[in-house]
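Numbering (my numbering), first residue to last: 347 to 680. Step one of this worksheet: look at the structure below.
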C-alpha cells in the first residue's frame, strides 16, 4: 500500500492539471485514493475523498449513473467498516436500487450489492433479513460467473459466517471448506482471501470447542496476514484477537494476554477509539481478567466497552447484550 499512495496522489494531481478540478476522471482518481486509505484502515482520510467523488459524479454524470452507484456503495462500505451502520444502510439500499434500475436484476454488481447489504444486516444481528439476501447473491453469482469464481467463494464464506453466527454449525462447515478449497485453487495459497477463509474455519472449530483443530489454522492465517498485509492492518488485529480468545478458553492465560493487548492497541490506532472492534477487544481482555479473578482490572474495561457498543451498535445488538451480561456477571462476582 505504501508504494501505491504516491502513485495515486500523482495520478490525481496530473488529472487535475490536465482536465481541471471538475472532471469524471478526477472523481475516479479521488475514489481510487480513498479506496487505498479505506483498505489501510485510514478511514478519516478516506471519507472526505469518497464524499467529494460522489458529489462530483452526481453533478457531472447525473443522479442515475453506474459510477454514482459505485460511489454510494464505497461510502457505505466505509461507514460499515467504521461500524457506523445506521449511516451505511440507506446508502447501500440506494446503491442497490440504482444498480437494479441501470443494470437489470441479473448483474454481478447487483449480486455484490445484495451481499454488502446482507453483511450489514449480519453485523447488526438482523440475521433473518440477511439470509435471503445472501442466498440470492450466491445464486446470482453462480448463474452469472459460473461455480468457480472468487466471488462465489466469497459468497459461500459469507453465508457460512451467517450460519456460524446463528450457531447452525453443521450448515456452516461444508460451506467454509468449499470456500477455502475454491479460493486456494483460484487465487493460490498466498492470498488475503485464503487467510480470511482459514480464519473463518478456525472460528467455527473454536465455537464448537474443537480447539486442537482451530489453533494451527489461526496461526497459519495470522502468519499469512502479516506477510501479505503488513503488521499494521485491521485484519491482523482480528487474527491476534481470535488466537488470544482460543488460548483464553484453554486457560492458557499467559499466552492470551499479550495478544489481547496487542490487538487492542492496533485496533485503536487503526480504527479509532470508538470502533465496535475496540469494544470487542476491551470485552475480551476484561473477560480474561475476570477468568483470572482480576476483577478490579476488568470492570473499567467492560464499562468502556459497553459505552462504545451502545453508542455504535445500539442497545439491542447481540454484541452489546453480551458485554452487558458480562458486566452484570462481573459485578455479581466481585
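Where a beta carbon is used, it is the ideal one built from N, C-alpha and C, also for glycine. Please read these numbers as outputs of a predicted model, since none were measured by experiment.
Starting from residue i, trace the alpha helix (DSSP H) both ways and give me its first and last residue.
{"i": "residue 566", "result": "557–575"}
{"i": "residue 658", "result": "641–659"}
{"i": "residue 629", "result": "622–637"}
{"i": "residue 497", "result": "496–511"}
{"i": "residue 417", "result": "412–427"}
{"i": "residue 290", "result": "No answer is possible for residue 290: the residues shown for the chain start at 347 and end at 680."}
{"i": "residue 546", "result": "538–553"}
{"i": "residue 349", "result": "Residue 349 -> no alpha helix (DSSP H), and no H or E assigned at all."}
{"i": "residue 619", "result": "Run containing residue 619: none; DSSP gives neither H nor E here."}
{"i": "residue 366", "result": "No alpha helix (DSSP H) contains residue 366, which DSSP labels as neither H nor E."}
{"i": "residue 665", "result": "664–679"}
{"i": "residue 440", "result": "431–449"}
Which whole-angstrom value is the C-beta distance of residue i and residue j, which I expect to be below 8 Å?
{"i": "residue 676", "j": "residue 644", "result": "6 Å"}
{"i": "residue 583", "j": "residue 609", "result": "5 Å"}
{"i": "residue 476", "j": "residue 508", "result": "6 Å"}
{"i": "residue 545", "j": "residue 522", "result": "Not really, about 10 Å apart at Cβ, beyond 8 Å."}
{"i": "residue 626", "j": "residue 665", "result": "7 Å"}
{"i": "residue 511", "j": "residue 480", "result": "With 8 Å as the limit, residue 511 and residue 480 do not qualify as a contact, their Cβ atoms being about 12 Å apart."}
{"i": "residue 628", "j": "residue 651", "result": "4 Å"}
{"i": "residue 528", "j": "residue 548", "result": "Contact flag wrong, Cβ pair sits at about 18 Å."}
For residue i, name the three-state secondary structure that DSSP assigns.
{"i": "residue 455", "result": "helix"}
{"i": "residue 588", "result": "helix"}
{"i": "residue 597", "result": "coil"}
{"i": "residue 403", "result": "helix"}
{"i": "residue 516", "result": "helix"}
{"i": "residue 393", "result": "helix"}
{"i": "residue 409", "result": "coil"}
{"i": "residue 524", "result": "helix"}
{"i": "residue 381", "result": "helix"}
{"i": "residue 683", "result": "This structure gives no information on residue 683, because the portion of the chain shown stretches from 347 to 680."}
{"i": "residue 468", "result": "helix"}
{"i": "residue 535", "result": "coil"}
{"i": "residue 386", "result": "coil"}
{"i": "residue 578", "result": "coil"}
Tell me whether residue i is buried or exposed, calling it buried when 16 or more other Cβ atoms sit within 10 Å of its Cβ.
{"i": "residue 365", "result": "exposed"}
{"i": "residue 360", "result": "exposed"}
{"i": "residue 381", "result": "buried"}
{"i": "residue 443", "result": "exposed"}
{"i": "residue 417", "result": "buried"}
{"i": "residue 633", "result": "buried"}
{"i": "residue 598", "result": "exposed"}
{"i": "residue 563", "result": "buried"}
{"i": "residue 579", "result": "buried"}
{"i": "residue 470", "result": "buried"}
{"i": "residue 386", "result": "buried"}
{"i": "residue 622", "result": "buried"}
{"i": "residue 674", "result": "exposed"}
{"i": "residue 514", "result": "exposed"}
{"i": "residue 465", "result": "buried"}
{"i": "residue 353", "result": "exposed"}
{"i": "residue 671", "result": "exposed"}
Kindly examine the ligand SAH and report whether one of its heavy atoms sits closer than 8 Å to the Cβ of residue i.
{"i": "residue 369", "result": "This structure does not include the ligand SAH; it has no bound ligands of any sort."}
Segment contact, 8 Å Cβ cut-off, at least three pairs: the segment 637–653 with the segment 452–465: Touching, no, given that fewer than three Cβ pairs across the two stretches are closer than 8 Å.
Inter-stretch contact at 8 Å, needing at least 3 Cβ pairs: the segment 433–449 / the segment 402–420: Counting Cβ pairs under 8 Å, three or more are found: they touch.
Three CB pairs or more closer than 8 Å across the segment 427–434 and the segment 396–406: Using a Cβ-Cβ distance cut-off of 8 Å, the segment 427–434 and the segment 396–406 are not in contact, since fewer than three pairs of beta carbons, one from each stretch, lie closer than that value.
Any 3 or more C-beta pairs closer than 8 Å across the segment 553–561 and the segment 523–540: With the cut-off at 8 Å, the segment 553–561 and the segment 523–540 do not touch.
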